[in-house]
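Reading through the C-alpha cells given below for one structure.
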Amino acid sequence: MGAILSKSVSVTQNMIYASAEALSTALLPDEVAQHWLYPAIGRIRDVSVIVTRGVIRAAQKDKVDRELALRNIGDKELDQYIRERMYDPFKEGERVENEIAELVGRPASSTGKEAGANGAAGAGQPQQQRAKALSDTVPLEGKPTLLREVTGYTGSGASDGTPSGR
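Take any residue in the sequence shown, count from 1 to its spot, add 32: that is its number in the working numbering.
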C-alpha cells in the first residue's frame, strides 16, 4: 500500500526493510512480553497504517516517490491520508455507488438507494458513453446490476437489460 500511495517508480530494498521494521515496532509491550512475532490480527488496520507510513517514508528517502505532496506533511496527517484510502469492506459498496454516480453525472447518494432504475430511464447519450467505457473495464455479465440501475446502460444497446455478448 505504501508503494501505491507514494506512487513509487520502484520498490527499493530500503522500502522492504522499512516494512519489516515498522511491523516489528507495531508490537505492543504486552505482545513483546509474550514473544509474539506479529501484532494481533484485531489491530490489522492500525498496524497497516504504521507499515504503510514506514514504506512511504522510505520511498521518499530513496527519492522513488512521485506523490510529492506527501513529503510535506507530518506523520499524523500522513496516517489520516492512509486511513482515508484504506480498503474497508463495510464501506466499499457505498464507494462504488458514489464513484459510478460521479462517472455518470448523477448526485452521489448518501445511502446508496436513491439512485436506481427509475432515475435512469431515458438516460442521455453522454451517460451511456461513460457507462460503456466503465463496462469495458468491468464486464456486466455476472456482476451486480448497479451500473444498469444507475445509468440504464445494458451493455448491448438493447433496452431489455440483456448483457452484451462478450
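Note that beta-carbon positions come from the ideal geometry of N, C-alpha and C, so glycine has one too.
Computed from a prediction, not measured in an experiment: that's the story for all the values here.
- For the candidate residues Glu134, Ala50 and Gln92, whose alpha-carbon lies nearest to that of Val41? Gln92
- Message: On the criterion of 16 or more Cβ atoms from any shown chain inside 10 Å, does Arg89 qualify as buried, or is it exposed?
- Response: buried
- Kindly list the residues whose CB is nearer than 8 Å to the CB of Val87, restricted to its own chain and excluding five residues on each side of it in sequence; keep chain order. Met33, Gly34, Ala35, Ser38, Met47, Ala50, Ser51 and Ala54
- Item | Span separating the alpha-carbon of Leu59 from that of Val43 | 24 Å
- Could you check how far apart the C-beta atoms of Ala132 and Thr84 are, in whole angstroms? I think they sit under 8 Å. In the sequence as presented, Ala is not what sits at residue 132; that position holds Ile. Not a contact, Cβ separation roughly 27 Å.
- If we count the other Cβ atoms within 10 Å of its Cβ and call it buried at 16 or more, is Glu124 buried or exposed? exposed
- Task: Could you round the C-beta distance between Asp111 and Val81 to whole angstroms and report it? I think they count as a contact, below 8 Å.
- Result: 5 Å
- Task: Taking only the alpha-carbon atoms, compute the straight-line gap between Glu129 and Arg103 and give it to the nearest angstrom.
- Result: 32 Å
- Simplified DSSP assignment, three categories, for Asp94: coil
- Can you tell me whether DSSP reads Arg75 as helix, strand or coil? helix
- Item | 8 Å CB neighbourhood of Ile105 in its chain, flanking five on each side removed | Tyr113
- Message: Would Pro71 and Val64 qualify as a contact pair, given that the criterion is a beta-carbon distance under 7 Å?
- Response: no
- Proximal residues to Arg98 (C-beta, below 8 Å), its chain only, five neighbours per side dropped: Ser38, Lys39, Ser40 and Val41
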